[in-house]
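**Q** In the numbering used here, the protein residues as written are -6 to 287.
Glycine is no exception: its CB is placed at the ideal position from the N, C-alpha and C atoms.
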Amino acid sequence: MKIGLIGLGNMGGRIAKHLMKQGNELHLYDVNTELLEHFESIGAKIANSPKALASENKYVITVLPNAEIVKQVVSGEEGLITGFKPGSILIDMTSSIPEVTKNISKELEEQSVRMLDAPVSGGVKRAEKGTLTIMVGGNEEAFSEAFPIFDMIGSNTMHVGDSGAGHTIKALNNMISATTLSVTLEALAAGIKLGLDPYKMLKVINSSTGKSNSSENKVAQQVLSGKYEGGFTLDLMYKDLTTAMEITDHAKVPAAVSNSVYQLWEYASSQEHGNKVDHTVIAKIIEKIADVKF
Ligand code: NAD
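(1) Once you ignore the five residues that flank alanine 40 on each side, which residues in its own chain have a CB closer than 8 angstroms to its CB?
(2) Looking at chain B, is there any beta carbon in it that lies within less than 8 angstroms of the beta carbon of glycine 188?
(3) Just reading off the alpha helix (DSSP H) that leucine 257 is part of, what are its end residues?
(4) If you count every other CB in all the chains shown that lies within 10 Å of the CB of asparagine 167, and 16 or more means buried, which is it?
(5) Could you compute how far the alpha carbon of lysine 277 sits from the alpha carbon of leucine 227?
(6) Quick one: does the C-beta of tyrosine 221 sit closer than 7 angstroms to a heavy atom of ligand 1?
(7) In the structure shown, what three-state DSSP assignment does leucine 165 receive?
(8) Isoleucine 198 and alanine 135 - do their beta-carbons sit closer together than 8 angstroms?
(9) If contacts are defined as beta-carbon pairs under 8 angstroms, then valine 113 and methionine -6 qualify, I think. What distance do you get, rounded to the angstrom?
(10) Say whether the region 254 to 265 touches the region 186 to 193, bearing in mind that this needs 3 or more beta-carbon pairs closer than 8 angstroms, one atom from each stretch.
(11) State yes or no: is the C-beta of threonine 87 nearer than 7 angstroms to some heavy atom of ligand 1?
(12) Under 7 angstroms Cβ to Cβ from phenylalanine 77, same chain only, skipping five residues before and after it: list those, please.
(13) Buried or exposed: where does serine 200 fall if 16 or more other Cβ atoms within 10 Å of its Cβ makes it buried?
(14) Give me the DSSP bridge partner(s) of methionine 151.
(15) With DSSP collapsed to three states, give me the class of isoleucine 35.
(16) With three or more C-beta pairs closer than 8 angstroms as the rule, is the region 156 to 167 touching the region 85 to 103?
(17) CB of asparagine 50 to nearest heavy atom of ligand 1: below 7 angstroms?
(18) Among the candidates Leu187, Met230 and His152, whose CA atom is the shortest distance from the CA of isoleucine 275?
Shown next as structure tokens:
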């Protein structure tokens, strides 16, 4: 298939390579020219603007840092909207803000272009293997039409509702994920201070009711090892928590637990170079507050 893709970072770059391996013809754009040169050297076609990309591709995927950048790529100068032909589909895999998504979707609809919000979960490893979870909001016919693309990128794709529904679930999922990571590290900090071995604690937790994806796949691998290289930055998690807080506010859910977690991550992002460090660096903040070494 001919597919356009914008945003070749940790996730988008891996999704693009996986789609190329599957025999698709990829047409790419990013503001980072080094990334473009790399992808050109391995056989991808490069566009010089989102407009140019949209004018040649019926299906365009965006995997961008945040809602504001998606808006700019769609509606800014030389934006996608100025290039799309009627009938095209924009698949936004960014973890974005539902209200912004609904507005962009309406704007595109006026040009007979359909938008699906299709954020992903599973991180860089599953992006590489094409086994991501994809939660899709928007027009169901567009979803069916784009399904063959989703099927190559993910192993668990679900249509979850109208425009914005995918982005809503994604932010709420990461609210849970940030919470389990934070609370597991707090438990470990307390145990270490009382003389317990963190590896033994984790072994118990991972075969007990306290286990989570964070305890199974992040704490030993990124924190106790000192690697801190999961491929998902602290700022991106903080962004998702900010969106989740807007969603719980809007739904009038008090969210006392996740509000505390949000405050911890807000503090972390003010202390660290959040766009350069992995989100598991939250452990260093807990180390500092608790006066403990993981
Ligand atoms: P990243 O920062 O590694 O990549 C973003 C890419 O977008 C970069 O290559 C950057 O140059 C490009 N970009 C920025 N502004 C642009 C513009 N105006 N036009 C074109 N390209 C532009 O981020 P990532 O980790 O790949 O995350 C991308 C999205 O996926 C985010 O919304 C994130 O929350 C979400 N996500 C990430 C992960 C993960 O594990 N990294 C997992 C699930 C979801």
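**A** Walking through what the data contain:
(1) Gly(-3), His20, Leu21, Tyr22, Leu46 and Glu49
(2) Annotation note: the requested chain B is absent from the structure, which comprises a single protein chain.
(3) 249 to 264
(4) buried
(5) 12 angstroms
(6) no
(7) Here leucine 165 sits in helix by DSSP.
(8) A distance of 8 angstroms or more separates the beta carbons of alanine 135 and isoleucine 198.
(9) The beta carbons of valine 113 and methionine -6 sit about 19 angstroms from each other, so the pair does not count as a contact at 8 angstroms.
(10) no
(11) yes
(12) Ala47, Gln104 and Val106
(13) exposed
(14) Met128
(15) coil
(16) yes
(17) Not under cutoff, so the answer is no.
(18) Met230
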